[in-house]
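Engineer: Pasting a structure here, questions to come.
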Amino acid sequence: MPSSSSSVDHGLVNNRMYHPGENKIIQCIKLPNEKIRHNYNDLNSSKITIKVKMSAINYLTDFNNLHSLVIPSFRIIGKLTGGASSIKYLVWPFTNCQVERSHTSTDPISITSNCCCNLTYGVDLNGGFQEFITVPKKLLIPIHKNVSLHDVCFIFDILLPFYINIQKVKGRTLVLLNDIQKEMNEILIILDHFKIKQNNIVILDEVDPKYKDQFDTVFCFNPNLTTFAEFCCTSTGLTSTKQRYTIHTTFPIIAKSIDKSYNYIKLTYEHKLSCIEVLKILFNLNSKRDEARSNLDLKVSSTNNSHSNSTSSSSSISNSHYSWIWYDKDVDLVNHDDFEEDEEDERILDEINQLIIEKKLYRVGYFNRRSKKEINACII
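If you want it as structure tokens, here you go:
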């Protein structure tokens, strides 16, 4: 696992906290006496402090389970704070008290040895809307250069839950999305990977009454279509068929029938390996695209007798990547207090809070950037 020896200078920075009572992000200045006083970046520590390169938010889902004052965003990509390494890491956001070593020596042994309560960064623990974050080293997943950071950030919405459960599916399957045009790729990537024929799978994003009792399995990624999911999943009225028909959701729902099973796909620390496997799928997809483009360029180069063009093109392709998962836009965040940029920062904060209220399918990537100048602050 990576380590770094340099210390972290957190400076005078902005803290963006989600306030559940007001249902909005509030901003405050982190004073010098609030700095992290521990340097976790050494070989002997189980934790490491990384610089957050990117965080992201899906405004349809990411604020649904926030009930405490917390720095939001469980979608976190970072870099080591020391050294020249360009490797970026996904922080696997789903952890537990054992991984975090959150129990103290004063806790009873029965608690420290048996408790394994699930925790999520950006929900239970401070998340990615900050410049630095300290996490257990075992939560870091290296990201290959040819994989889009946006794909990594939004892998948790559909791609990973679908990957984890699709192999268990038998019979006719219905997938309910929020927006087919925006989310279809996330389904097709997994179907293609497992060579699953699409003739037994229907994908919808709206109600269609002709599908009553037509499906053995329903994946519902749209919380507004849960009633329709019940409508479409085969209903026999017999408890003996409960294991034959299943509704999968990425949000909790109340079971309404005795003749089918309900599976709430809640990601935990144990799904980290599955995430690594899905990132490998994206890597392979991009590698195939690179190879196809490289072969095409080689043919053109051979026709034109230009070996230098071929070499240059192949080199640029090896550093390229493709985005398979749809997102709306990117935003640069200013973390250091800079009075010249207050107006822009307030505009961004207002936009974030408006999107929280609207609660629609809107995916945004937030990049941390350096302040334009160094700031010397004097607290009197």
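Under the numbering used here, read the sequence shown as residues 1258 to 1637, first letter to last.
Even glycine gets a Cβ: it sits at the ideal position worked out from N, Cα and C.
For clarity, every value in this text was computed on a predicted model and none was experimentally measured.
Strictly by DSSP, which residues pair up with S1312?
Structural biologist: Note: S1312 sits in a beta bridge opposite I1333, Y1623.
Engineer: Have a look at D1607 and T1493 and give me their C-alpha separation to the nearest angstrom.
Structural biologist: When rounded, the distance between both Cα atoms is 50 Å.
Engineer: What runs of the beta strand (DSSP E), each 3 residues or longer, lie entirely inside the stretch 1374 to 1456?
Structural biologist: Those beta strand (DSSP E) runs which fall completely within the stretch 1374 to 1456 and span 3+ residues are 1375 to 1377, 1389 to 1393, 1397 to 1400, 1430 to 1433.
Engineer: Can you tell me which residues form a DSSP beta bridge with I1511?
Structural biologist: Bridge partners of I1511: none, in fact.
Engineer: Measuring CB atoms only, is the stretch 1494 to 1503 touching the stretch 1406 to 1414, in the sense that at least three cross pairs come out at less than 8 Å?
Structural biologist: Output reads no: the stretch 1406 to 1414 does not touch the stretch 1494 to 1503.
Engineer: Could you have a look at G1278 and say whether DSSP puts it in helix, strand or coil?
Structural biologist: Here G1278 sits in coil by DSSP.
Engineer: In the DSSP assignment, find the unbroken alpha helix (DSSP H) run with V1356 in it and report its ends.
Structural biologist: Start and end: 1354 to 1357.
Engineer: Contact between the stretch 1441 to 1460 and the stretch 1420 to 1429 is defined here as three or more beta-carbon pairs at a separation below 8 Å; is this criterion met?
Structural biologist: As far as the Cβ criterion goes, the stretch 1441 to 1460 touches the stretch 1420 to 1429, which means the pair count is three or higher.
Engineer: Taking only three categories from DSSP, how would you classify I1504?
Structural biologist: Residue state, collapsed to three classes: strand.
Engineer: Among I1515, C1374, L1590, C1477, which has the Cα closest to the Cα of L1495?
Structural biologist: Cα-wise, what sits closest to L1495 is I1515.
Engineer: Taking all protein chains shown into account, decide if Q1424 is buried (16 or more other Cβ within 10 angstroms of its Cβ) or exposed.
Structural biologist: Exposed, since its Cβ has fewer than 16 Cβ neighbours within 10 Å.
Engineer: Decide if the stretch 1323 to 1338 is in contact with the stretch 1382 to 1392; the criterion is three or more beta carbon pairs, one per stretch, under 8 Å apart.
Structural biologist: Touching, per the Cβ criterion.
Engineer: With a threshold of 7 Å between beta-carbons, can I1614 be considered close to chain D, or not?
Structural biologist: Of the protein chains in the structure, only one exists, and it is not chain D.
Engineer: What are the boundary residues of the alpha helix (DSSP H) that C1489 is part of?
Structural biologist: From DSSP, the alpha helix (DSSP H) with C1489 extends over 1483 to 1489.
Engineer: Could you tell me if S1303 is buried or exposed, where buried requires 16 or more neighbouring beta carbons within 10 angstroms of its beta carbon?
Structural biologist: So S1303 ends up on the exposed side.
Engineer: Per DSSP, what are the beta-bridge partners of F1472 in this structure?
Structural biologist: Paired residues: C1490.
Engineer: Are M1311 and L1406 close, meaning C-beta to C-beta below 7 Å?
Structural biologist: Their beta carbons are under 7 Å apart, which means M1311 touches L1406 by this criterion.
Engineer: I'd like the list of long-range same chain contacts for I1437, defined as Cβ closer than 8 Å, with 5 residues on each side in sequence excluded.
Structural biologist: Excluding sequence neighbours, I1437 sits near I1460, L1461, D1462.
Engineer: Quick check: the Cα distance between I1504 and V1392, rounded to an integer number of angstroms?
Structural biologist: One C-alpha to the other measures close to 34 Å.
Engineer: Which whole-angstrom value is the C-beta distance of E1443 and I1582, which I expect to be below 8 Å?
Structural biologist: Indeed they touch by this definition, with Cβ atoms about 6 Å apart.
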